[in-house]
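In terms of UniProt numbering, the sequence shown is numbered consecutively and its last residue is 435. We put the beta carbon where it would ideally sit given N, CA and C, even for glycine. First comes the structure, then the notes that go with it.
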Amino acid sequence: MANLKETLGDLNRDSFVPLLSKLIGESKYVQNNPPDLIPQEDRVVNHVLDVLRPFSTATGGGPLILNHVAYFPGRGNLIVQYPGTVPGKILSFVGCHMDVVTANPNDWDFDPFSLSIEGDKLKGRGTTDCLGHVALITELMRKLGETKPKLKSTVVAVFIANEENSAISGVGVDALVKDGLLDNLKQGPLFWVDTADKQPCVGTGGMIPWKLHVTGKLFHSGLPHKAINPLELAMEALKEIQLRFYRDFPPHPQEQVYGFATPSTMKPTQWSYPGGGINQIPGECTISGDVRLTPFYNVKDVMEKLQEYVDDINENIEKVESRGPVSKYVLPDENLRGSLTLTFDEASSGVACDLNSRGFHVLCKATEEVVGHVKPYSITGTLPLIRDLKDEGFDVQTCGYGLMATYHAKNEYCLFTDMSQGYEVFVSIISQLED
Numbered sequence: 001m002a003n004l005k006e007t008l009g010d011l012n013r014d015s016f017v018p019l020l021s022k023l024i025g026e027s028k029y030v031q032n033n034p035p036d037l038i039p040q041e042d043r044v045v046n047h048v049l050d051v052l053r054p055f056s057t058a059t060g061g062g063p064l065i066l067n068h069v070a071y072f073p074g075r076g077n078l079i080v081q082y083p084g085t086v087p088g089k090i091l092s093f094v095g096c097h098m099d100v101v102t103a104n105p106n107d108w109d110f111d112p113f114s115l116s117i118e119g120d121k122l123k124g125r126g127t128t129d130c131l132g133h134v135a136l137i138t139e140l141m142r143k144l145g146e147t148k149p150k151l152k153s154t155v156v157a158v159f160i161a162n163e164e165n166s167a168i169s170g171v172g173v174d175a176l177v178k179d180g181l182l183d184n185l186k187q188g189p190l191f192w193v194d195t196a197d198k199q200p201c202v203g204t205g206g207m208i209p210w211k212l213h214v215t216g217k218l219f220h221s222g223l224p225h226k227a228i229n230p231l232e233l234a235m236e237a238l239k240e241i242q243l244r245f246y247r248d249f250p251p252h253p254q255e256q257v258y259g260f261a262t263p264s265t266m267k268p269t270q271w272s273y274p275g276g277g278i279n280q281i282p283g284e285c286t287i288s289g290d291v292r293l294t295p296f297y298n299v300k301d302v303m304e305k306l307q308e309y310v311d312d313i314n315e316n317i318e319k320v321e322s323r324g325p326v327s328k329y330v331l332p333d334e335n336l337r338g339s340l341t342l343t344f345d346e347a348s349s350g351v352a353c354d355l356n357s358r359g360f361h362v363l364c365k366a367t368e369e370v371v372g373h374v375k376p377y378s379i380t381g382t383l384p385l386i387r388d389l390k391d392e393g394f395d396v397q398t399c400g401y402g403l404m405a406t407y408h409a410k411n412e413y414c415l416f417t418d419m420s421q422g423y424e425v426f427v428s429i430i431s432q433l434e435d
């Protein structure tokens, strides 16, 4: 299909950069951090529509079918379809989201909310995640609508609202799936375009946020034999819980196959206590943290196990290692025992992409052709939305052409040459799937 590559050409800098400039100009209004900042994704949709409408059935100017779907005022999604000739033959580019994480201009070396250009560097909030991809896929669909190549496959692009925050649901891809608007995409590979560094991301992690509340007995620190020190109990108990976790959920052989940077981990990230004088042993404290779980273990199993560890430690609290001759977790004369309570916030599961699917093979071949090498990778960061899609029966593969180093970071930027390679990869994918 060399002729398709000729027809679609390369990413046109003279139309890509001005479009990206308009999108980054909206980034201030699509920051997602409710209740303070609720994005107005239609501000982005409107720019995309301005580019695609002239090549759509809406104006009669071309074959693109545009479907603007909003579940909340001003917060739309956009489904763009380039029809192929063979019914049921389809591929899709999904996951380009039109909201961004917050940016504080005081922390940045340049204005986050307008595009600045420094040679190959395109700088601003959303360039990597994910407005750069919105502009990239818009350009791809525009070129299809303009050149009208005869394809067997229908090519669909889905631009989504509300990816960066789950506090409000029923706005973005979850609502589109629930309404059956993406059902036809199950018949072919779905490429989720929202990762980075140009290589296929084939695995993500599950996350279990946990809190361990420890109750002791408050007393003067000069009379420690009359206290139960919850800080010491928390440290010792957590050590025991971690030892058991790593024994029961060791590195899994599949992690090597998928190239995971780390195995599953369980660790503290926050510590709090009610306050008090330095001469007081406090009555309670709380340690919080998370489990990051590779997708070869089950989230529910881990939660049950953690609860079992805590129950067992509570029953045998007198056997927990103590610190020094008067440190203890039971005061028999007062009929008091230290205790642990474990609670969880909402957990999510990880994803292992199907390494045998046609979608994965064409993505790898395209990446090798264009980038020069292919090295799929996995991380225990979470992408809960793609887990839901995989559970619904979609063949999800993920890729992205921004820079992992600037993802959610200050001074975010992407490189035009990387985005340009992304365009070539997509053209190669479409071309391979024709055969």
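Have a look at the DSSP bridge pairing and note the partners of residue i.
i    : result
Q397 : F191
L415 : K121
Y377 : C201
V94  : W192
L151 : DSSP, once it has assigned bridges, lists no residue as partnering L151.
M303 : M303 pairs with nothing; no bridge assigned.
S348 : M207
A261 : Per DSSP, none; premise fails for A261.
G402 : A196
I65  : Q81
Within 10 angstroms of the Cβ of residue i, are there 16 or more other Cβ atoms? Answer buried if so, exposed if not.
i    : result
N229 : buried
K239 : exposed
H133 : buried
A2   : exposed
H220 : exposed
L306 : buried
K217 : buried
L182 : buried
P105 : exposed
N77  : buried
G60  : exposed
A234 : buried
S27  : buried
In this structure, how does DSSP classify residue i when only helix, strand and coil are distinguished?
i    : result
N46  : helix
M235 : helix
V100 : strand
Y329 : coil
V320 : coil
P112 : coil
A70  : strand
R292 : strand
K267 : strand
L19  : helix
C364 : helix
I430 : helix
E284 : strand
Q31  : strand
S221 : coil
Y82  : strand
G9   : coil
H408 : coil
R358 : helix
V371 : helix
T215 : strand
When you compare only the Cα positions, how much space is there between residue i and residue j?
i    : j    : result
L66  : G203 : 32 Å
K410 : V320 : 44 Å
S21  : S114 : 7 Å
P253 : T294 : 11 Å
G372 : C364 : 11 Å
V44  : L23  : 6 Å
V86  : H68  : 25 Å
D42  : T127 : 18 Å
P376 : Q199 : 6 Å
W271 : S378 : 29 Å
P112 : A196 : 19 Å
G222 : V326 : 11 Å
L116 : V158 : First, the residue type needs correcting, since residue 116 is Ser and not Leu in the sequence shown. Spanning the two alpha carbons is a distance of roughly 27 Å.
N356 : L340 : 45 Å
G124 : Q81  : 29 Å
A352 : N279 : 51 Å
T269 : G289 : 5 Å
D174 : F72  : 13 Å
N298 : T382 : 15 Å
D10  : I430 : 14 Å
T57  : G145 : 10 Å
Legend entry - Touch test, the segment 280-294 against the segment 218-235, Cβ-Cβ under 8 Å, three pairs minimum: yes
Inset, instruction - Assess, as a yes-or-no matter, whether the segment 250-263 is touched by the segment 308-316 under the definition of 3 or more beta carbon pairs within less than 8 Å. - result: no
Inset, instruction - Inspect the CB distances between the segment 241-249 and the segment 262-279 and report whether three or more fall short of 8 Å. - result: yes
Legend entry - Three or more C-beta pairs below 8 Å linking the segment 385-404 and the segment 326-340: no
Inset, instruction - Mind the definition here: the segment 160-168 touches the segment 21-40 only if three or more C-beta pairs lie below 8 Å; say whether that holds. - result: yes
Inset, instruction - Decide if the segment 138-157 is in contact with the segment 48-64; the criterion is three or more beta carbon pairs, one per stretch, under 8 Å apart. - result: yes
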